[in-house]
Amino acid sequence: MGLLEKAGKIQTNEKTNEAPIPVVMEAVVEAKPIATKKASRKKKEKAPKKVRTPKVKRTRVSKDLPEGFEIATRGQKVTRRFVDFAISYGWSVPILGINVWGNAPDSTYLILIGMLLVVGNLGVLPSQTGRTVGNWVSRTQYVNTRGESPIWIFLLLKGLTTVFVLFGVFAVFITTANLSLGDSTVSKIFTLIGLLMLLPPLIDYFMYRFRKNSEHGLWDTMFGGIWMVRTNRSAEAKGWLKRLESLGDYAESKGLLSDKDTD
């Protein structure tokens, strides 16, 4: 029995000497609260609507002869045309006549002088005085709906009608007489330009012809309504302009500026 007791004591002593094994506690990871997305979208501020200002309708100016003016007479219109043609294109008549008869001397200087006359009568003089030589002699001028002289380009285009007609007729004559440059592109362009240049004079003629009681042709209508009206002697005319007005006195004394109105 003694041995058994000693063996039991030894076992109990060994058990007591053994250190208890520490129990490792697993760390519980606390779940982080999920942050809920806050509604960060701010309502976009609506931009204030632009207030549309109502468009002001343009009042159409009635195309009537302004007060205080009288339409030029038939005699004044004819005199104006004749004088302006003589000044601007009279120089071309002898040149054409000489070339037709076959005798063609050097006419360069005459052509240069003629070009200066065209520029002076249809460009320089209208830009300075608002009238051509024909207007000064016939005692007429052009006015718009406001009673003012139109821009000088109007007188230039109106005066170039003769050039349009001559060039257009020349192009048609060459085409019909088979005198052109054959069937080339240059010939076709030349013919097309000539025909296009005939359009303004034709439209102008038909507008005068078929519009009843109308004083407006193509250019008069395009520039907003232009009339040729009668004028009196200008107190501001000096020098050679005063001499042009004295020619108007002579034309009136001969009855060229008759008081017959054109219909």
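Going by the working numbering, the letters in the sequence shown line up with residues 3 to 265, in that order.
Beta carbons are placed, not taken as given, at the ideal position from N, Cα and C, and that holds for glycine.
All figures in this text were calculated on a predicted structure; none of them were measured in a lab.
Which residue's Cα is closest to the Cα of residue i: the options?
| i | options | result |
| --- | --- | --- |
| Ser94 | Leu258, Ile115, Met209, Trp221 | Ile115 |
| Gly219 | Leu204, Arg232, Gln143 | Leu204 |
| Ala239 | Arg76, Lys160, Leu127 | Leu127 |
| Ser236 | Leu201, Gly257, Leu246 | Leu246 |
| Leu158 | Gly196, Arg83, Val121 | Val121 |
| Gly250 | Arg141, Thr178, Ile176 | Arg141 |
| Lys79 | Gly226, Gly92, Glu217 | Glu217 |
Taking all protein chains shown into account, decide if residue i is buried (16 or more other Cβ within 10 angstroms of its Cβ) or exposed.
| i | result |
| --- | --- |
| Met224 | exposed |
| Ile89 | buried |
| Ser42 | Confidence in Ser42 is poor, its pLDDT being 49 and thus under 50, which makes the residue's placement too unreliable to answer from. |
| Pro202 | buried |
| Lys160 | buried |
| Pro96 | exposed |
| Lys190 | exposed |
| Met199 | buried |
| Lys44 | Caution applies to Lys44, whose pLDDT of 49 falls short of 50 and renders its modelled position unreliable; the value that the coordinates give is listed next. By the neighbour-count rule (16 or more Cβ atoms within 10 Å), Lys44 is not buried but exposed. |
| Lys256 | exposed |
Rounded to whole angstroms, what's the CA-CA distance from residue i to residue j? Just pull it up for me.
| i | j | result |
| --- | --- | --- |
| Val139 | Trp221 | 22 Å |
| Leu243 | Ala253 | 15 Å |
| Tyr111 | Asn101 | 15 Å |
| Gly136 | Phe192 | 32 Å |
| Tyr210 | Asp86 | 20 Å |
| Thr75 | Asp108 | 42 Å |
| Gly77 | Ser260 | 5 Å |
| Tyr207 | Leu119 | 26 Å |
| Ile153 | Ile113 | 27 Å |
| Leu258 | Val188 | 47 Å |
| Met117 | Ser129 | 17 Å |
| Gly226 | Thr177 | 36 Å |
| Val167 | Trp103 | 22 Å |
| Tyr91 | Lys214 | 31 Å |
| Phe212 | Ser248 | 36 Å |
To the nearest whole angstrom, what separates the beta carbons of residue i and residue j, a pair I think is in contact under 8 Å?
| i | j | result |
| --- | --- | --- |
| Leu124 | Thr131 | At roughly 13 Å, the Cβ-Cβ gap does not stay under 8 Å, so Leu124 and Thr131 are not in contact. |
| Thr81 | Gln143 | In fact, because the Cβ distance is near 13 Å, the residues do not count as touching under 8 Å. |
Less than 9 Å separating the beta-carbons of residue i and residue j?
| i | j | result |
| --- | --- | --- |
| Pro68 | Val145 | yes |
| Val174 | Leu194 | no |
| Ile73 | Val231 | yes |
| Gly149 | Phe84 | no |
| Asp66 | Thr147 | yes |
| Phe169 | Ile228 | no |
Shorter than 8 Å, the distance from the beta carbon of residue i to the closest heavy atom of the ligand NAD, or not?
| i | result |
| --- | --- |
| Ser260 | Absence of the ligand NAD from the depicted structure is noted, as is the absence of any ligand whatsoever, leaving it without description. |
Step through the CB atoms of chain C and report whether any lies within less than 9 Å of the CB of residue i.
| i | result |
| --- | --- |
| Leu201 | Absent from the structure: chain C. Only one protein chain is present. |
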